[in-house]
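Visitor: My questions will all concern the structure given below.
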Amino acid sequence: MSKKRKKGRLKRMISSCLIALAFLILNYSLIYVIGQPVIHFVTSSIQTLLLAKAPTFKENIEPIPMKQLVSETGNELASSKIQFPRYGQLYGEINVPTIQLKTSLYFGDSATILRNGAGQYMGSVFPGELGTTLIGGHNSDSFGKLINIKPQDKITVQTNYGRYQYVVEETRVANKQDAQIMREIRQRKTSELILYTCYPIDSIGLTDQRLFVTAKLNAGPQINENK
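Sequential numbering of the sequence shown, starting at 1, is according to UniProt numbering.
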């Protein structure tokens, strides 16, 4: 009788352990599925801040149709009618005639995107929205020309939904985690643009310094987020 009790107790213990193990596996699987987009967002954002690691993987770059929308009320676009880009999509072009800078604009900042052109930080607003649009590019490519940009120069950002012109206000070199830049990224009062690249321009590898170009919106349709 004692042996039967021991066997029964052992079976119950094994059964409990298996149930607990299955529960843990299920929970970790759910956490991975739910958290994967967040992990991807964080890692890609870090890549944008570093801007110095050569791409080592392939990624499909999908273009978005370039269809110019017409403002319905004066200089305003309804947000509901805009086809905003998904991560990795080519949705525009940046042009600075005074320094002969012309490059493709993608939504996102993976290594592959930065190899093909400029990448918009996903935590920043789209051109036309209130706030700051943050766009980075490698100093070894077209964004290296930013060293020659000057105040009052004009930056044109052509998107799939509208054309935006910004006027350069300031260029400065600062740490990649500069407090003033972080405040400008968070502001939601005016439409601004920040272009940046690693500094010194001829540097190779990781650097903590960035060349920041700050500009204010001069022309282009404002996006109404309530429509």
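Idealized CB from N, CA, C, for every residue including glycine.
None of these values were measured; they are calculated from a predicted model.
Tell me where the beta strand (DSSP E) around Arg115 begins and ends.
Guide: Looking up residue 115 in the sequence shown gives position 115. Note, Arg115: premise wrong, no beta strand (DSSP E); alpha helix (DSSP H) at Ala111 to Asn116.
Visitor: Grab the span of the beta strand (DSSP E) containing Glu170 for me, first residue to last.
Guide: Here residue 170 corresponds to residue number 170 of the sequence shown, with the count starting at 1. Note, Glu170: beta strand (DSSP E), Arg163 to Asn175.
Visitor: What does the Cβ neighbour count give for Gln177, buried or exposed, with the cut at 16 atoms within 10 Å?
Guide: Sequence index remark: in the sequence shown, residue 177 carries index 177 (1-based). When all chains shown are included, Gln177 counts as exposed.
Visitor: Could you spell out where the alpha helix (DSSP H) holding Ile155 opens and where it closes?
Guide: In the sequence shown, the residue the question calls residue 155 occupies position 155. Where Ile155 is concerned, there is no enclosing alpha helix (DSSP H), although the beta strand (DSSP E) it sits in stretches over Lys154 to Thr159.
Visitor: Roughly how many whole angstroms lie between the Cα atoms of Asp202 and Gly123?
Guide: On the sequence shown, position 202 is the one that residue 202 refers to. On the sequence shown, position 123 is the one that residue 123 refers to. When rounded, the distance between both Cα atoms is 28 Å.
Visitor: Tell me the rounded alpha-carbon separation between Val96 and Thr103.
Guide: Your numbering for residue 96 matches position 96 in the sequence shown. Your numbering for residue 103 matches position 103 in the sequence shown. Their backbone Cα atoms lie some 9 Å apart in a straight line.
Visitor: Quick one: Cα of Arg86 to Cα of Phe107, how far?
Guide: One-based indexing of the sequence shown puts residue 86 at position 86. One-based indexing of the sequence shown puts residue 107 at position 107. Cα-Cα distance, rounded: 7 Å.
Visitor: According to the neighbour-count rule (16 or more other Cβ atoms, all chains shown, within 10 Å of its Cβ), is Ala111 buried or exposed?
Guide: Residue numbering aside, residue 111 sits at position 111 when the sequence shown is read from its first letter. Ala111 should be labelled buried.
Visitor: Taking the alpha-carbon positions, what's the Val125 to Ile14 distance?
Guide: Indexing the sequence shown from 1 puts residue 125 at position 125. Indexing the sequence shown from 1 puts residue 14 at position 14. Val125 and Ile14: Cα-Cα distance of roughly 54 Å.
Visitor: Would Val213 pass as a contact of Ile194 if the rule is Cβ separation under 8 Å?
Guide: Here residue 213 refers to the residue found at position 213 when the sequence shown is read from its first residue. Here residue 194 refers to the residue found at position 194 when the sequence shown is read from its first residue. Yes; because the gap between Cβ atoms is below 8 Å, this pair is in contact.
Visitor: Smallest Cα separation from Asp109: which of Leu101, Gly119, Arg115 and Asn160?
Guide: Counted from its first residue, the sequence shown places residue 109 at position 109. Nearest of Leu101, Gly119, Arg115 and Asn160 to Asp109, Cα basis: Gly119.
Visitor: Note the first and the last residue of the continuous alpha helix (DSSP H) segment covering Arg186.
Guide: Position 186 of the sequence shown, counted from the first residue, corresponds to residue 186. Ala179 to Arg186 is the span of the alpha helix (DSSP H), which, as asked, contains Arg186.
Visitor: By the 10 Å Cβ neighbour count, where 16 or more other Cβ atoms means buried, how is Ala215 classified, buried or exposed?
Guide: Along the sequence shown, read from residue 1 onward, the residue named residue 215 stands at position 215. Label assigned to Ala215: buried.
Visitor: Helix, strand or coil, according to DSSP, for Thr73 in the structure here?
Guide: Your numbering for residue 73 matches position 73 in the sequence shown. At Thr73 the pLDDT is 45, less than 50, meaning the model places this residue with poor confidence; the figure from the coordinates comes in the next sentence. Three-state result, Thr73: coil.
Visitor: Quick one: does Ser104 have its CB under 8 Å from some CB of chain B?
Guide: The question asks about chain B, but that chain is absent: this structure has only one protein chain.
Visitor: Taking all protein chains shown into account, do 16 or more other C-beta atoms lie within 10 angstroms of the C-beta of Gln158, making it buried, or fewer, making it exposed?
Guide: Along the sequence shown, read from residue 1 onward, the residue named residue 158 stands at position 158. Counting Cβ neighbours within 10 Å, Gln158 comes out buried, since at least 16 surround it.
Visitor: I believe Tyr121 touches Leu134 by the beta-carbon criterion, under 8 Å. Please report the beta-carbon distance rounded to the nearest angstrom.
Guide: Here residue 121 refers to the residue found at position 121 of the sequence shown. Here residue 134 refers to the residue found at position 134 of the sequence shown. 4 Å between Cβ atoms; contact.
Visitor: Mind checking Ile181: buried by the 16 CB within 10 Å criterion, or exposed?
Guide: Taking the first residue of the sequence shown as 1, we reach residue 181 at position 181. Its Cβ being crowded by 16 or more others within 10 Å, Ile181 is buried.
Visitor: Starting from Tyr106, follow its DSSP beta bridges and name the residues at the other end.
Guide: On the sequence shown, position 106 is the one that residue 106 refers to. For Tyr106, which the question treats as bridged, DSSP gives the partners Leu90 and Gly119.
Visitor: Inspect the beta-carbon positions of Tyr91 and Gly128 and report whether they are closer than 8 Å.
Guide: Stepping through the sequence shown from its first residue, residue 91 is reached at position 91. Stepping through the sequence shown from its first residue, residue 128 is reached at position 128. No.
Visitor: If you follow the beta strand (DSSP E) that residue 265 is in, where does it begin and where does it stop?
Guide: Given a span of 1 to 227 for the chain in the structure shown, any question on residue 265 remains unanswerable.
Visitor: Would you mind stating whether Leu206 and Thr197 have Cβ atoms separated by less than 8 Å?
Guide: Here residue 206 refers to the residue found at position 206 of the sequence shown. Here residue 197 refers to the residue found at position 197 of the sequence shown. No, Cβ-Cβ distance for Leu206 and Thr197 is not below 8 Å.
Visitor: Going by alpha carbons, who is nearest to Thr98 out of Asp141, Leu77, Lys189 and Ile149?
Guide: For this step, residue 98 is matched to residue 98 along the sequence shown. Nearest of Asp141, Leu77, Lys189 and Ile149 to Thr98, Cα basis: Ile149.
Visitor: The ligand NAP and Glu169: does any heavy atom of the ligand fall closer than 7 Å to the residue's C-beta?
Guide: With respect to the ligand NAP, the structure shown offers nothing to examine, as it has no ligands at all.
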